[in-house]
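J.: As they're listed, the protein sequences go chains A and B. If you count by my numbering, then the first sequence holds residues 14 to 386, one letter each, in order. If you count by my numbering, then the second sequence holds residues 19 to 313, one letter each, in order. From the three backbone atoms N, C-alpha and C, an ideal C-beta is built for every residue, glycine too.
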Amino acid sequence: MTDPTKPADFIRIRNVSKHFGDFVAVDGVNLDIGKSELFSILGGSGCGKSTLLRMMAGFETPTSGTIEIDGVDVTNQPPYERPVNMMFQSYAIFPHMNVEKNIAYGLRKEGIAKQEIIKRVDDVVGLVQLGDFRKRRPDQLSGGQRQRVALARALIKRPKVLLLDEPLAALDKKLREHTQFELMNIQDELGVTFVVVTHDQEEAMTLSTRIAVMNEGRFLQVGTPKEIYEYPNSRFVADFIGTINTFEGTVSRIDDNAMSVDCPELGGDVRALIDDNTHVNVGQQVCIAVRPEKIFISFEEPEDHEGVRAHGVVDDFGYFGNLSLYRIRLESGRTIQVSWQNQRRSAKRFVEWEDKVWVSWRPRSAVVIKGES
Amino acid sequence: MPQRTDKTWRRVTIAIPYLWLFVFFLLPFAIILKISLADPIVAQPPFTPIFDAQGRLSVTLDNFLFLLTDKLYAFTYLKSVFLAGAATVLCLMLGFPMAYGIARAQPAVRSLLLLLIVLPFWISFLLRVYAWMGLLNNYGAINNALMWLGLIDQPVQMMYTDFAIFIGLTYSYLPFMVLPLYATLERMDLDLIEAAQDLGASRTRAFWDVTWPLARAGVIAGCLLVFIPAMGEYVIPYLLGGPESLLIGRVLFDEFFVNRDWPLAASVAIVLLLLLVVPIVMLQRSQTGEAETAA
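Now the structure itself:
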C-alpha cells in the first residue's frame, strides 16, 4: 500500500488532451501517481484509457499538456528514450526469437555487456518462473507463459514505470486469478510503479492501490478501491463498479448529520446520512444508491424505525454457490437486487418465488449521489 | 460404404494436381531431355531418334559439352544471371517501400493502391514494352526532356543497351515483388514494432530487428517471382536490347527457330532449368534445416 504521507507525484500528468481529428480521446486530464503504486485506469472501451497509456509510453504525443516522470518532462521524448516499459495486450512477443532472446532484447539495445545480460536474464527468468522454457519459440508457449515472457521482457529493463495494457484479458478465468496475485507479488518485490489499464472492474479492485474511473476522456473519480466502491461520486461510477440499486428522490428535510429523501419508488421518505462530501439543500434532486449485499431480507417487518424498509415480492433468484442473488419487486413496481451470503449449508431454500418479504437497510449503508441521472 | 467413397475421393483429389504436373511438366521435360541427348539432322523432326533403326540406344552428350566449351554460352548465362539479379535487387529496393506504404495505408486508400499495382496487367505486356521503346529511344520522351532542360547536348544512347533491358525487366516484374511483400507486411502485428521501440530500439533499428526478418518469407517469394521469369525473358531483351545484348532466352529462341538446332536448344533449356532449380532447392533445404534446429 502507498504511504499516504509521501507525495503522490512520481508521475505527474497535467492538462493532457489528445485529439484525433474532431474526436477528443483524452480531455484535459490531471493525475498524480506515487512511487511504487499499483495504479489502475478503469473504463469501458473507447473511454480514452489506452490513449492515455500510449501517451505515457510515448507512442502518441499529447495535443496539449505535459507528462512528467520522476521529475523529468517526457512529453516529447520518443518511446525508446523513456524510463518506461510497456506490456502490450497482445503481448507482442517477437515470433522470430526464442524466449531468452525476447527477454534479452531490451538489454542488447542498451549495449550492456554480455555477462551482465546473462546474469539479468537469469534473475528475471527466475522471477517469472520461465526457467524450463528459455529456448522455446513463442509459438510453443501457452497464453500464461507468453504473458510471463512479456512481463519479463519489460521488467528486465528496470523501468521506473511499467505500463500494462489489459494484462490479464487474454487469459482464462482461473489463470487470471492466479496471475493477478503473481503480478501483485512481483510489483511488491521490485517496488516498480505499475500503471494498469483495464476494463475489468474486478481486476482493478483486487490489483490496485488506487483506481481512476474514466469515461469519455475524463476521470470521473480517483481513489482507493474501497472509496470507489463504497463512496461512488456519480451514477456512472456507481453503476460501472459492481451492481447497485439506485432510487431517484427529492431531499425533504435536513438534520445535523442525516436527511430525509422522498423516494416514490420506496413509498415515501427514507433516511440517509450526510457525510463530509454531501452538501445538499432541501428540494434538491438526489439519488439514493445501495449495494445488493447491504440489503437485508426478512419475513417480519424490521423493528429498526430509522432503517429504510419496503415491502415486496420475490420475483426471481439465482444461486451462485457462495451467494444467492434475489430480485424483489417492490409495491411501487420497482425491482431491486439483493444478494445474500449462503452461510448455512442447507438444501432447503430460504425464500421461494412469490414469497412476500421485507427488504431493509441501515441509513449509513446507502450513498447519496447528487444530480440527476 | 461412405468411408470407402471418402478414401476414393481423397485419392482422386490428390491425383489431379499430380496428373496435371505429370502431363504438363514432367512429360514435356522428358521430351526436352530426350531431344537434348540427340544429334541434329536435316529432317522432320530435326533430331535423331533415341533408338536407331536397329533398336539400339543412341544418345550423345555432345550438346552439353558444346555448351561448356563455347565461351558464348557461359558468358550469356552469366550475363542473364547478372541482369536478372540486378533487376531483382532494384525491384526489391523499390517494391519494399511501396508494399510497406500500401500495407500501412488507410483501408480505403489501400485497395486503390493495390488496384494501381495490378492495373498495368490490363494492358498487353507487348504494348507496355513498346511504350518503353518510345520513352528510351534517342528522340524519345526522356532524351527530349533532358535536352530541353539543358542537362545534355545530344541524346544519350539508352535504347538497345543492357541498361534498357535492366529498366524493362525491373518495370515489368515490379508487381510480382510488391504483391507477396504486401501480403506478409499487411498481416504483421504492428504492436511488435512498438514493442521494439519501447524496449529501446530506434525506428530504424526496429525495422531491421523486427520488420525485415518477419518479412523474409515475402522477400524470398518476391525475389523468386522476379528472378526466375527475368532469367528466361525473351521479349524484353529482343525489343529493348541491342544485337550485342544476348540473353539466354534470346539464345534459346535463336537456336530453335533460326539455327533449327533443336538438340542444342533443348540442352540450353535444361541447363537454364538446373541453374534456377538448384539454388531454390538449396534455399528450401536451408530453411527447413533452420526450422528444425529452432524446434
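Within the same chain, show all residues whose beta-carbon is closer than 8 Å to that of A/Val326, passing over the 5 residues directly before and after it, in chain order.
T.: Ile341, Arg342, Glu367, Asp368, Lys369, Val370
J.: Using a Cβ cut-off of 9 Å, pull out every chain B residue sitting near A/Thr72, in sequence order please.
T.: In the sequence on display, residue 72 of chain A carries Phe and not Thr. Within 9 Å Cβ-Cβ: Glu212, Gln215, Asp216.
J.: Following the continuous alpha helix (DSSP H) through A/Thr79, name the residue where it begins and the one where it ends.
T.: Where A/Thr79 is concerned, there is no enclosing alpha helix (DSSP H), although the beta strand (DSSP E) it sits in stretches over 77-82.
J.: Among B/Val30, B/Leu282, B/Ala102, B/Ala92, which residue has its Cα nearest to the Cα of B/Phe181?
T.: Comparing Cα positions, the closest option is B/Ala102.
J.: Could you tell me if A/Phe101 is buried or exposed, where buried requires 16 or more neighbouring beta carbons within 10 angstroms of its beta carbon?
T.: buried
J.: Could you name the residues of chain A that B/Arg122 contacts, counting a contact when the two beta carbons are closer than 8 Å?
T.: Residues of chain A passing the Cβ test: none, with the nearest at roughly 15 Å.
J.: Compare the C-alpha of B/Pro121 against each of B/Tyr178, B/Leu192, B/Arg205, B/Ile288 and name the closest.
T.: The amino acid occupying residue 121 of chain B in the given sequence is Ala; Pro does not appear at that position. Per the Cα distances, B/Arg205.
J.: Quick check: is the beta carbon of A/Ala105 nearer than 8 Å to any beta carbon in chain B?
T.: yes
J.: Would DSSP call B/Thr222 helix, strand or coil?
T.: helix
J.: Taking CB distances under 8 Å as the criterion, tell me whether A/Arg159 reaches chain B.
T.: no
J.: Since B/Ala219 meets chain A, which of its residues come closer than 7 Å, beta carbon to beta carbon?
T.: Tyr93, Lys122
J.: With respect to the alpha helix (DSSP H) encompassing B/Asp180, which residues constitute its N-terminal and C-terminal limits?
T.: 180-204
J.: Leaving aside the five residues before and after B/Ala159 along the sequence, list all residues of the same chain whose C-beta is less than 8 Å from its C-beta, in chain order.
T.: Gly152, Leu153
J.: Quick one: what's A/Ile24 bridged to in DSSP?
T.: A/Ile46, A/Ile82
J.: Terminal residues of the continuous alpha helix (DSSP H) containing B/Trp166?
T.: 159-166
J.: Could you check if B/Asp24 is buried or exposed, using at least 16 other CB atoms within 10 Å of its CB as the buried criterion?
T.: exposed
J.: By Cβ distance, which residues of its chain are closer than 7 Å to A/Gly296, with the 5 residues on each side in sequence left out?
T.: Thr263, Val264
J.: List the residues of chain B whose Cβ lies closer than 7 Å to the Cβ of A/Phe101, in chain order.
T.: Asp209, Ala213
J.: Along chain B, which residues have their Cβ under 9 Å away from the Cβ of A/Arg166?
T.: Ala213, Leu217
J.: Note down, in chain order, each residue of its chain lying with its Cβ closer than 7 Å to the Cβ of B/Arg128, except the 5 sequence neighbours on either side.
T.: Ile120
J.: Hey, quick one: how far does the alpha helix (DSSP H) through A/Lys187 stretch, first residue to last?
T.: 186-203
J.: Leaving out five residues before and five after A/Ala167 in sequence, what residues of the same chain have Cβ atoms less than 7 Å from its Cβ?
T.: Asn98, Met99, Met100, Leu175
J.: Restricting to Cα atoms, I'd like to know which of B/Met195, B/Thr222, B/Leu83, B/Arg268 is closest to B/Gly236.
T.: B/Met195
J.: On the CB-based measure, 16 or more other CB atoms within 10 Å of its CB, does B/Tyr157 come out buried or exposed?
T.: exposed
J.: Starting from A/Lys361, find everything on chain B with Cβ-Cβ shorter than 8 Å and list it in chain order.
T.: Within chain B, no residue comes near A/Lys361; the closest Cβ sits about 54 Å away, beyond 8 Å.
J.: Helix, strand or coil: how does DSSP classify A/Ala379 here?
T.: coil
J.: Look up A/Arg171 in the DSSP assignment and say whether it is helix, strand or coil.
T.: coil
J.: Name the residue from A/Pro277, A/Ser378, A/Phe333, A/Gly59 whose alpha carbon lies nearest to the alpha carbon of A/Glu344.
T.: A/Pro277
J.: Using DSSP's beta-bridge definition, name the partner residues of A/Asp329.
T.: A/Arg340
J.: Strictly by DSSP, which residues pair up with A/Phe232?
T.: A/Met227
J.: If you draw a straight line from the C-alpha of A/Ser386 to the C-alpha of A/Arg322, how long is it?
T.: Any answer about A/Ser386 is weak, because its pLDDT of 45 lies below 50 and its placement is not dependable; what the coordinates show is given next. Looking at the two C-alpha atoms, the distance is approximately 23 Å.
J.: With the cut-off set at 8 Å, would you say A/Phe72 and A/Pro92 are in Cβ contact?
T.: yes
J.: Against chain B, does A/Tyr118 count as a neighbour if the rule is that its beta carbon must be under 8 Å from one of theirs?
T.: yes
J.: Quick check: the Cα distance between B/Leu132 and A/Val162, rounded to an integer number of angstroms?
T.: 37 Å
J.: Considering only residues of the same chain and omitting the five flanking positions on each side of A/Gln214, which have a CB-CB separation below 8 Å?
T.: Leu55, Phe253, Ile254, Gly255
J.: Helix or strand or just coil, what does DSSP make of B/Pro297?
T.: helix
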